[in-house]
Each structure stands twice: as structure tokens, then as C-alpha cells.
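The structure appears below as C-alpha cells.
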């Protein structure tokens, strides 16, 4: 993989979604200890990206559980600790705000 | 004559109905409010019930009495909204056709979405405080609680009044100190968030207040199930928190009819709306306000109060054949009870974070933003009469808004 610079915030979330591609996603995932990304990982990552580009905000864990086709239990197995946060990071979108 | 139907006779529905009634003649506009019961709860009062600071019967009044003359009140369950035909269908078969619909049905408490929450131990070691019944049961349990681990658990966002779990922690700390048993009780706040609150500056200040009071904070704890028999909370990633008394804020969702109404809600059952105009994406003559709307601001009465102005103007515009205007900016403020007869006040919107300062006049006050003061506490307690007599009738509150 070629090395390439992308813009991230203090917590490592990409700030420019247009710099993202599947190689960038795989590199971020590997850095977080997830390698390789399986089809189930991609299903979640692509769902997050589509939702973000459509609505302007990252979906929460409950939305993922209800609408991504991957149940919450499995989300925690695929993306340990915080699935919504980690999947957002890999999807190259800002951190889910977790509502207010 | 135009017809407006409002689903929900709580804070938002009542303010909007009264405002619209005052602004439009009876012969020009028929206004109907429909709700499944006739009990209007002053919800900020629920936080005080467990500590005996507020009596359950003092925070409930009939919904119909809060509505001005010339507003029809129907007590019935809504089956669904047929936005193509512009009609609300009730479960008893009646239909309410409308020219404009306002969904103000609040948030529903979805206890059943958390495994075991109302299973063994419910009402014995597992409690909540978001209804009059739950808050009253917790009051009775707290009266005898004098040792062990008390865990306040927020299952998932969004919830009504997102600061309430924190306030509960501050108040229970105060309550146990007053009773002289605080040393025998460990208090922990468990939250799925990565800090005490969602907004960074306030989270730091509030997190510091927890530490200062010896209250533990368990972050990124996403509750998967409650085991009341073994007295432990288990997260989706299999972490466990043992408890002797758990105070759980259940998952919130939209009212059930929203899910049955084609195109009306998003996944969590809240009405999908434009965040500035409050118009539903489902249809040009449907709007939502308050907790029922999928707005990225707090589900709180103050947000609802600020939304009402935008909503009423836009409903009138749409009925007059004009386009709505995007004037709501996410403005919300709230008093945060911190115990010992003190409270702090925070104020923010979609763009601006809660910051230290004074409200409503910068640098003057009189209320200290993000600072604890006795005046803020009095502001919170003094608010109930204002709620019934100024806010619900749809009048402007002096200095607020």
C-alpha cells in the first residue's frame, strides 16, 4: 500500500471524507487492530458512510443495530469497545455525536 | 375553515395549541388535540419525587384544563397518520382529517428493548424515575437504602433531559449525606458516552463535579442486559457492574403510531423533520415538535418552548400557501440540580457549546451559566408555577428566549 497523508482530528477521525477510499479504510482498521476487514465489516462501514453522506451525521449504535443488517451483539464482536465510533473512524467520517 | 390536528397534549402540543388559538379566530381555524390520556405530568418534577422534594400528586394536572377555550380535546389512541390522505386514524375507527398536522407525542420509554430490565428484581433492586409510578416506587426504596452500591445507568441516548442522570447522582449524594449514610454507599454513574455529558466543555465541568462528590464514572458502558437476580448490569462487550440498587434510564423511542405511519419516522421512531423549519419530510403539511421530533438538540421542555415560535409561524405560512422558514437554531437551556440547594444553568444550540457565563444578559446575569449557585436552584424550583401559568399558555417568559 502506498503511503498517503489524510487529514484527521485530535482523536484520529478523518476531517475530509473525500480523501477516503477502501485502502485508507483498511489502513485505519489495521491500526485499530482489525485486519483484514471482512464482508460483515464492510457492510457496516459502507452503511455508515452512506448514512453520513445522506444525512450529514454519523449513525448511532442503535441505528446501526436497527438498520445496518448487523445486530448489536455482532457489532461489538466486529468492532470491539465502541462499534459506532470505530466504524465511523474506518468509514472516514466524523465521530458520532451520540445525540445531545 | 381550516383544521389543525395536534397529536399529544404535553408541553409542545399544549403550547402550540394555545398559541395558535390566540392568534387565529375560532371561525377560521378548528383546533383538535388528541391524547391517549388526560394526565399532564410536569416532567422536571419527576427528578425530585425520589427524594421527597416533590409530591407525586403535585406534578400532575388534567391535560384538557391546560388548553384554552375553543380547542377540542379528544382522549383516544392514535392508530396511524395517513399523510397521503391528510387524516389521522384513531384505534376506535374514527378519522380526523386535517389541513395541517402537528406531531407532539413525546418520547416513549422502551423498557422492553433492554433484556431483563423489567424482569426479576424490578421494583426490588431495579428502578427508574421517568414516570410518576417509577419515581414513586424509587422514593420508597431509597427511604430504606443505607448501604451498598447504587448505580445510575443510562442505557442509550437520546433521552429526555439528558442531564437528568447527572442531576440524580448529585441529588442522591446530597440525600444520603443528609441521612448520614453516604460513607456506606458507593455511587457510580454508568454511561454509554465517553464522558459525563455529550458537550465537551460542560462534560469536563460536570465530570469534575462527580469526582468532587466521590461519585464514580463508568464511561462507554453500553448496557446489553440487566440481571436483577444476580444484581449486575452487563454491557454488550460483556463488562459487568454489580449493584445493590440500580436506577436505570430506559431506551427512548417515538410513539408507536409513528412506526405504523408510512414514511413518518426514522429508525428510532422519531418524526424525521427538517431541523430548522420543523416540517416533516413525509408531507408538506406535517410538522413535529419537542421530544417527538428527530432534532439533534436536547429532548427538553426549554427546547420545545423555543421550537414553538418557529413551528407556529411555519404552520401559518404553509396554511397560507407560503414556504416555511428555517428559524429554529437548536436553542435549549436547562437548570442542572447539583444538590445542597444549588443548581447550575447551561445554554446552547446546534452550533454553540455550553460555556461559562451569565444568562440571559452576558456578564450580568442574574443566573450563572455552568457555575453552581443558590439562585439557579431557586430558578429550578420556582419554575413549576411558570410552567403551568406562563409556558403552557404559550406566553413568552420574561428574559428567556
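Residue numbers (my numbering), protein chains in the order written: chain B, 1 to 100; chain E, 1 to 401. C-beta: ideal position from N, C-alpha, C; glycine also.
Asked: Cβ-Cβ distance between residue 258/E and residue 104/E below 8 Å; Found: no
Asked: For residue 26/E and residue 70/E, the rounded distance between their alpha carbons; Found: 7 Å
Asked: Rounded C-alpha distance that separates residue 89/B from residue 218/E; Found: 23 Å
Asked: Per-residue burial, residue 214/E [other beta carbons within 10 Å of its own, 16 or more giving buried]; Found: exposed
Asked: Any chain E beta carbon closer than 8 Å to residue 67/B; Found: yes
Asked: Backbone CA spacing between residue 181/E and residue 202/E [nearest angstrom]; Found: 29 Å
Asked: For residue 139/E, the nearest candidate out of 225/E, 175/E, 110/E and 190/E (CA to CA); Found: 175/E
Asked: Chain B contact for residue 363/E (CB, 8 Å cutoff); Found: Note that residue 363/E scores a pLDDT of 47, beneath 50, so its modelled location is shaky; the value from the coordinates is reported in the next line. No, no contact with chain B.
Asked: Under the three-state DSSP convention, the category residue 197/E falls into; Found: coil
Asked: Residue 211/E burial status per 10 Å Cβ neighbour count (16 or more: buried); Found: exposed
Asked: Residue from 251/E, 44/E and 162/E with nearest C-alpha to residue 296/E; Found: 162/E
Asked: C-beta contact flag for residue 33/E and residue 80/E at 8 Å; Found: no
Asked: Residue from 10/E, 88/E and 338/E with nearest C-alpha to residue 260/E; Found: 88/E
Asked: C-beta neighbour in chain B for residue 222/E, strict 8 Å; Found: yes
Asked: Per-residue contacts from residue 227/E into chain B (C-beta, under 8 Å); Found: Residues of chain B passing the Cβ test: none, with the nearest at roughly 16 Å.
Asked: Beta carbon proximity, residue 268/E to chain B, threshold 8 Å; Found: yes
Asked: Per-residue burial, residue 300/E [other beta carbons within 10 Å of its own, 16 or more giving buried]; Found: buried
Asked: Counted within 10 angstroms of its Cβ, other Cβ atoms place residue 1/E as buried (16 or more) or exposed; Found: exposed
Asked: Within-8 Å CB hit, residue 82/B to chain D; Found: The displayed structure is made up of protein chains B and E, and chain D is not among them.
Asked: Rounded distance between the beta-carbons of residue 280/E and residue 272/E, thought under 8 Å; Found: 6 Å
Asked: Reduced DSSP secondary structure (H/G/I, E/B, other) of residue 5/B; Found: coil
Asked: Spatial distance of residue 283/E from residue 101/E (CA atoms); Found: 10 Å
Asked: Residue 11/E burial status per 10 Å Cβ neighbour count (16 or more: buried); Found: buried
Asked: Residues near residue 329/E in its chain [Cβ-Cβ closer than 8 Å; skip 5 each side]; Found: 276, 349, 350 and 351
Asked: Residue-chain proximity (residue 15/B, chain E), Cβ-Cβ < 8 Å; Found: no
Asked: Proximal chain E residues relative to residue 62/B, where beta-carbon distance stays under 8 Å; Found: 156, 251, 267 and 268
Asked: Environment of residue 33/B [buried if 16+ CB atoms lie within 10 Å]; Found: exposed
Asked: Reference residue 59/E, options 97/E, 237/E, 293/E and 133/E, closest by Cα; Found: 133/E
Asked: Outcome for residue 341/E when other beta-carbon atoms lying within 10 angstroms are tallied against a minimum of 16; Found: exposed
Asked: Residue-level contact to chain E via CB, residue 100/B, 8 Å cutoff; Found: The pLDDT assigned to residue 100/B is 45, lower than 50, so where the model puts this residue is not dependable; a value taken from the coordinates is nonetheless given after this. Yes, contact with chain E.
Asked: Span separating the alpha-carbon of residue 392/E from that of residue 338/E; Found: 26 Å
Asked: Min CB distance residue 89/B to chain E below 8 Å; Found: no
Asked: Supposed contact pair residue 120/E and residue 228/E - C-beta distance, whole angstroms, cut 8 Å; Found: 4 Å
Asked: Contiguous beta strand (DSSP E) assignments of at least 3 residues, all confined to the stretch 132-172 of chain E; Found: 148-154
Asked: Which residues DSSP lists as bridging residue 189/E, in chain order; Found: 152/E and 217/E
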